[in-house]
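Taking the working numbering, I'd label the letters of the sequence shown as residues 282 to 589.
Virtual Cβ for every residue (Gly too), placed ideally from N, Cα, C.
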Amino acid sequence: MADDEAMLTPEKVRALLLANEQLSKLNQRLAQAQDKLMQSEKLASIGQLAAGVAHEINNPVGYVFSNFGTLERYLADLFRMLEAYERAEAGIVDPALATELRALREEIELDYLKQDIPSLMAESREGIGRVRKIVQDLKDFSRVDNRQEWEWCDLHKGLESTLNIVNNEIKYKADVHREYSVLPEVQCLPSELNQVFMNLLVNAAQAIQQERGLIIIRTGCDTQQVWVQIEDNGAGIPHEHLGRIFDPFFTTKPVGKGTGLGLSLSYGIVQKHGGRIEVQSVPGRTCFQLSIPLQRPGGASEPAVTPA
């Protein structure tokens, strides 16, 4: 025993302490990775559920929309027939029958119905069309049916689908101003980039403290990459927090308002695409910029995070 104690020199003790510290850090990183994996699996499950719900809704909406077209043709034929009867009404020789028809016309407000029915049909068709658009955006957002394959996509379409999905989070808080440039298609994982857009848009809306704010979405490109900026005129991010906003579980939101995983997951998605995340923030203004290569990188490198 004395020999063993004699072998524990100060250098070995320091080495053991250092190894223990490194092991503790490794365990912490593994725990964070596990939590991110669980969150990713949860998001994938939500995406599958959303795609299934969208598919189930799309079927009845599809035949209702189709039936509307048929019903409009039937009504057009009925109105033509009604006009023919109205022209023949003047030839009715029986006074009692003519009086009865006039009374019935006034009772059911036939002239008003002839104007209001087409208006009701148009409004209903517009409503069904909006439901179809929401369902399609939900399917585009989840993209579960594409098995997460890299494909060439229009980022503007992804932005618009995501805006439609998070509309309820934004419409009461801010106006959205679009400054879109002409963009080429990008080879990417569309549903994952949509997840990044969703996180940034929801964060932007939640950062707005005044009665009505503004969210600006800008896009642009060069010969090698495209970029998307999402800017808000909210409270801003304190300078001392800028270096930590992509850390797992770090959040400036009140307890129960955020998990601290949204930006961390976004960081990982951009990393997978070989891109960059840049953030600039001052009181009253925060702007995130995503820069994504036009083509899938051979080996995606870690994105640069540039706080300013």
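When the Cα of residue i is compared with those of the options, which residue comes out closest?
i      : options                           : result
GLU466 : LEU474, GLU473, CYS434 and LEU440 : CYS434
ASP513 : ALA455, VAL345 and GLY350         : ALA455
GLN476 : ILE398, TYR453, LEU391 and LEU571 : LEU571
ASN448 : GLY549, GLU473, LEU470 and ALA486 : ALA486
HIS458 : CYS469, GLN510, GLN505 and GLN468 : GLN510
ASN445 : ILE415, LEU464 and LEU436         : ILE415
GLN490 : GLU302, VAL294, ALA384 and GLY565 : GLY565
ARG386 : GLU559, ALA403, GLU370 and GLY408 : GLU370
TYR344 : ARG310, VAL412 and TYR366         : VAL412
GLU404 : SER462, SER305, PHE349 and THR504 : PHE349
ILE338 : LEU419, HIS437 and LEU544         : LEU419
GLU521 : GLU492, GLN417, GLN561 and THR500 : GLN561
TRP508 : LEU436, GLY579 and TYR453         : LEU436
LYS553 : ALA357, GLU559 and ARG577         : ARG577
GLN505 : LEU481, GLN468 and ILE526         : GLN468
ILE409 : ARG361, GLU381, THR380 and SER347 : SER347
GLY501 : LEU464, ALA516 and ILE526         : LEU464
ASP392 : GLU302, GLU381, ILE526 and LEU363 : LEU363
For residue i, list the residues DSSP reports as bridge partners.
i      : result
GLN303 : Answer is none; GLN303 lacks a bridge partner.
GLY501 : TRP508
ALA455 : GLY494
GLU432 : CYS469
PRO574 : GLN506
GLU460 : ARG499
ASP513 : ILE496 and THR567
Label residue i either buried or exposed according to how many other C-beta atoms from any shown protein chain fall within 10 Å of its C-beta, with 16 as the threshold for buried.
i      : result
ASN484 : buried
TRP431 : exposed
GLY549 : buried
ILE498 : buried
GLU473 : buried
MET479 : buried
VAL294 : exposed
SER547 : buried
PRO291 : exposed
ARG383 : exposed
ILE573 : buried
LEU440 : buried
LEU304 : exposed
LEU401 : exposed
SER462 : exposed
Between the stretch 291-308 and the stretch 367-380, do three or more beta carbon pairs fall short of 8 Å? No, they do not touch.
What ranges does the beta strand (DSSP E) occupy inside the stretch 352-404, keeping only unbroken runs of at least 3 residues that lie completely in it? Listed in chain order, there is nothing to give.
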